[in-house]
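Student: One structure follows; several queries about it will come next.
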Amino acid sequence: MNSQELKDRTKRFALKVIQSVETLPKHQAGNVIGRQLLRSATSVGANYRAACRARSRADFISKMGIVEEEADETIYWLELLVESGLINKEAIEDLIKEANELTAIFTAACKSAKAKKPRLIRNPQSEIINLSLCPKGRFPLTNIRLAGIY
């Protein structure tokens, strides 16, 4: 699944949650849980889009962590709706399944991004090595001019 397909999938998920929240009973518990569910479910897609525009690997990992947390929080609110008796499980079974799948996707993406080692990038024109991309404490043994903040 590419990033555009995942953007579309998270948007469809948010729209389905919006429709489901509209069917909740209009009393205090329904309003509170519904508002929290709306916030977390719509945040999944919005934060995923932000992660796709990340300026660095660290920024991407940070933003994807937020996406993962929001997806997991959405599962919590969906479970709470069912366990409190505010809605039948059958009515939101597809939402729970999709929230679990999205959480698994984002968890795997975070783990994968964290596991990737920074690459040593050389600029062939100036022979500069960017040390900010080197693992901490490991510098190449060369007489090449070094660049980077460290």
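Each residue of the sequence shown is one higher than the one before, starting from 1301 at the first, in my numbering. Where is the CB? At the ideal position from N, CA and C, for every residue including glycine. Source: prediction; values computed, not measured.
Just to confirm my understanding: we take M1364, look at its own chain, exclude 5 residues before and 5 after, and list those with CB closer than 7 Å. What are they?
Tutor: Within the sequence shown, numbered from 1, the residue matching residue 1364 stands at position 64. Taken in chain order, the residues that qualify are A1351, F1406, A1409, C1410 and A1413.
Student: For a test of the three-state rule: what should DSSP assign to A1354, helix, strand or coil?
Tutor: As a first step, residue 1354 must be located in the sequence shown, where it is residue number 54. Here A1354 sits in coil by DSSP.
Student: How about A1399 and A1371: do their beta carbons lie closer than 8 Å?
Tutor: If you number the sequence shown from 1, residue 1399 lands on position 99. If you number the sequence shown from 1, residue 1371 lands on position 71. It is a contact, given that the beta carbons lie within the stated cut-off.
Student: With A1338 and L1386 assumed to form a contact (beta carbons below 8 Å), what rounded beta-carbon distance in angstroms separates them?
Tutor: On the sequence shown, position 38 is the one that residue 1338 refers to. On the sequence shown, position 86 is the one that residue 1386 refers to. According to the sequence provided, residue 1338 is Leu. The question's Ala does not apply to it. Not confirmed; about 14 Å, so no contact.
Student: With a threshold of 16 other CB atoms inside 10 Å of the CB of C1341, please say whether the residue is buried or exposed.
Tutor: Working through the sequence shown from its first residue, we reach residue 1341 at position 41. Correcting the residue type first, residue 1341 is Ala in the shown sequence and not Cys. Answer is buried; the Cβ neighbour count reaches 16.
Student: Have a look at K1326 and E1383 and give me their C-alpha separation to the nearest angstrom.
Tutor: Taking the sequence shown and counting its residues from 1, one reaches residue 1326 at position 26. Taking the sequence shown and counting its residues from 1, one reaches residue 1383 at position 83. Distance between the alpha carbons of K1326 and E1383 is about 17 Å.
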